[in-house]
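What follows is one structure encoded as structure tokens, with my remarks underneath.
Residue numbers (my numbering): 16 to 369.
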């Protein structure tokens, strides 16, 4: 018996030194099975009216908590690190610099890293308001259906489903007390689904259509489903609830722009502007002919064409209830006055009627 005990202890020691698989592998397998996959469930940007030096891009990413999120913006000089402001919610901003070459349709990738694992998501909207997603004019993927249902037994859990072209990235736009894009997973070829649980006190604007988006490479298609929330019995805005997308009109400005949509100002140090003015004013054109050789006939011709296409556009400056200021541009004079309360609906405004 003594020899048997001695042999067992020796064998056990050798097994520990050698890292015997019958001892180590079950524990490792158990730990691995408990590791949850990394996920990015939402990715948004506050679109700017003009993407120019000094413009501030504010990003929000939702996903696995306790991670590190870095953004890579095409044309930017540095990466952007987002801070985890609450569990699973990461926020940060980027100020466009003069050396940046960020276009309105620049791609933005979010890398969510935790320990030695990483997952990546692509922003599914442009950085500048009113700018189409790249490739939208080409052959588009197809959305066949989009729907939302309540999960059984969970009044505040919404299950979104989009069916369409397989192999893409699908999302839906949730509008209400919080406006955000919800990224869906492709659960089977061509079927994208995801569940969103409304936080306590949150509500959904059921009067707005359900907007779905499907992106495949550089090509994107959108689809809207009216009355998608009808009969779901989900939390909606109460009559006395605050209007989160409301704003107050601060100013309505008429702005003169050229054929490229740029606000007119001094051109070529004031020389070319004076020449073009003589062409359309009392001058007889000889001054223009004299300067054309100096500044270039092609440049002068382009400038004259721009001035010929001059037009007036209207900029409505509003201040949101959260203090942020936005500018919405109209081609025709809008029916708003300073002091009006309006709602921001996409890229336009509507008078607010509580």
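We put the CB at the ideal spot given by N, CA and C, even for glycine. All of these numbers come straight from a predicted model, not from anything done at the bench.
message: Check whether the stretch 161-180 and the stretch 78-91 are in contact - that is, three or more C-beta pairs closer than 8 Å.
response: No, they do not touch.
- prompt: What is the rounded straight-line gap between the Cα of residue 349 and the Cα of residue 329?
  reply: Straight through space, the alpha carbons of residue 329 and residue 349 are spaced by roughly 7 Å.
message: Taking DSSP's pairing of strands, which residues face residue 1 in a bridge?
response: What is shown of the chain runs 16 to 369, which leaves residue 1 out entirely.
message: If I follow the unbroken beta strand (DSSP E) through residue 155, where does it start and stop?
response: Premise fails: residue 155 is in no beta strand (DSSP E) and is neither H nor E.
message: Mapping the DSSP letters down to three states, classify residue 58 as helix, strand or coil.
response: Three-state DSSP puts residue 58 in a strand.
- prompt: Skipping 5 residues on each side, what residues in its chain have a beta carbon closer than 6 Å to that of residue 345?
  reply: Excluding residues within five positions, the ones whose Cβ falls inside 6 Å are 329.
message: Just to confirm before moving on: does the CB-CB distance between residue 187 and residue 174 stay below 8 Å?
response: For residue 187 and residue 174, no; Cβs fall outside 8 Å.
task: Can you tell me which of the three DSSP states residue 88 falls into?
output: Residue state, collapsed to three classes: strand.
field: C-alpha gap between residue 216 and residue 273, whole angstroms
entry: Each residue's Cα considered, the two are about 48 Å apart.
message: With a threshold of 8 Å, are at least 3 pairs of Cβ atoms found where one atom belongs to the stretch 183-197 and the other to the stretch 226-234?
response: A contact exists between the stretch 183-197 and the stretch 226-234.
message: DSSP has residue 217 in a bridge; who is on the other side?
response: Paired residue(s): none; residue 217 is not in a bridge.
field: Counted within 10 angstroms of its Cβ, other Cβ atoms place residue 196 as buried (16 or more) or exposed
entry: So residue 196 ends up on the buried side.
message: With the cut-off set at 8 Å, would you say residue 115 and residue 146 are in Cβ contact?
response: It is not a contact, given that the beta carbons lie outside the stated cut-off.
query: Should the stretch 201-211 be called in touch with the stretch 120-129, which here means at least 3 C-beta pairs below 8 Å?
result: Touching, no.
query: Which residues in the same chain as residue 265 place their Cβ atom closer than 8 Å to its Cβ, once the five residues preceding and following it in sequence are excluded?
result: Only 332, 333, 334, 340, 353 meet the Cβ criterion.
- request: Compute the distance between the beta-carbons of residue 73 and residue 108, then report whether it is under 8 Å.
  value: A distance below 8 Å separates the beta carbons of residue 73 and residue 108.
task: Since I believe residue 143 is in contact with residue 63 (beta carbons under 8 Å), could you give me their beta-carbon distance rounded to a whole number of angstroms?
output: At roughly 6 Å, the Cβ-Cβ gap stays under 8 Å, so residue 63 and residue 143 are in contact.
query: In terms of alpha-carbon separation, which member of 269, 221, 238 lies closest to residue 246?
result: Among 269, 221, 238, the Cα nearest to that of residue 246 is on 221.
message: Alpha carbons only, please: which of 179, 238, 82 is nearest the one belonging to residue 135?
response: Looking at the Cα atoms, 82 is the closest of the given residues.
- request: Can you tell me which of the three DSSP states residue 77 falls into?
  value: Looking at residue 77 - three-state DSSP - the assignment turns out to be strand.
message: Restricting to Cα atoms, I'd like to know which of 61, 201, 130, 212 is closest to residue 138.
response: Ranked by Cα distance from residue 138, the first of 61, 201, 130, 212 is 61.
task: Classify residue 353 as helix, strand or coil using the three-state DSSP reduction.
output: Correct three-state label for residue 353: coil.
field: residue 327 burial status per 10 Å Cβ neighbour count (16 or more: buried)
entry: Using a 10 angstroms sphere on the CB of residue 327, the tally of other CB atoms stays under 16, which defines it as exposed.
Simplified DSSP state of residue 67, which is helix, strand or coil: Three-state DSSP puts residue 67 in coil, outside helix and strand.
field: DSSP three-state assignment for residue 227, whether helix, strand or coil
entry: DSSP, read as helix, strand or coil, puts residue 227 in strand.
DSSP state of residue 206 mapped onto helix, strand, coil: Residue state, collapsed to three classes: strand.
- request: With DSSP as the reference, label residue 360 as helix, strand or coil.
  value: In the displayed model, residue 360 falls within a strand according to three-state DSSP.
field: Contacts around residue 211, its chain only, beta-carbon distance under 6 Å, and the 5 residues preceding and following it disregarded
entry: Only 173, 197 meet the Cβ criterion.
message: Among the candidates 68, 76, 57, whose CA atom is the shortest distance from the CA of residue 99?
response: It is 76.
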